[in-house]
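I have placed the structure first, in the form of structure tokens, so that the comments after it can refer back to it.
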Amino acid sequence: MDELTDIYELIERAIIEEPGITITEGNIIKQGYNEEVDRLNSASTEGKNWLINLEAREKEETGIKNLKISYNKVFGYYIEVTKSNLKFVPENRYIRKQTLTNGERFITEELKEIEDAILRFTRKTC
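Position in the sequence shown (from 1) plus 9 gives the number in the numbering used here.
Below you can see the structure in the form of structure tokens.
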């Protein structure tokens, strides 16, 4: 009779000792078992910090003190810059996303990656 040791070992490596009661609670897969799951879990806990750090770094690098990173359901995450500061926007990194009356909204490759991670986590857990 097969003792199913291979399945036992897989479960032992993958599942935490006391997972949530339902699958929608998350917290089932052990840290380090799967790189993509680790990244998604990190997005759920660290996503806001990633955005705060990116905003601070962009303010520092561009010199635009009132630059802000925001989100809406139509455009996703974006960097908003007022018209008076458009001359400081790095053209080689910022991609124009939307024109406003008093400014512009942009995205960068890094912001898009953060957005993808955060939104992918949200979609997979809902």
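Note that the Cβ used here is the ideal one computed from N, Cα and C, for glycine as well.
Taking the Cβ atoms as the reference, Y87 lies roughly 6 Å from I116, within the contact range of under 8 Å. Distances from the alpha-carbon of T91 to those of G85, G72, F84, M10 put G72 closest. Linking E26 to I37 through their CA atoms gives a straight-line distance of about 9 Å. Contact between the segment 37-50 and the segment 61-70 is absent, with fewer than three C-beta pairs closer than 8 Å. With fewer than 16 other beta carbons inside 10 angstroms of its own, Y42 counts as exposed. Residue pairing by DSSP leaves G72 without any beta bridge partner. The beta carbon of R22 lies closer than 8 Å to those of K39, Y42 in the same chain, with the five residues before and after it left out. The beta-carbon separation of R114 and E89, rounded to 5 Å, stays under the 8 Å limit for a contact.
Counting along the chain, the unbroken beta strand (DSSP E) around T108 starts and ends at 104-108.
Counting only residues of its own chain and dropping the five nearest sequence neighbours on each side, R102 has a CB closer than 6 Å to the CB of T117. Taking 8 Å as the cut-off, the Cβ atoms of L120 and I78 count as close. Sequence-distant partners of F97 (beyond 5 residues in either direction) whose C-beta falls short of 7 Å from its own C-beta, in its chain, are T71, G72, I73.
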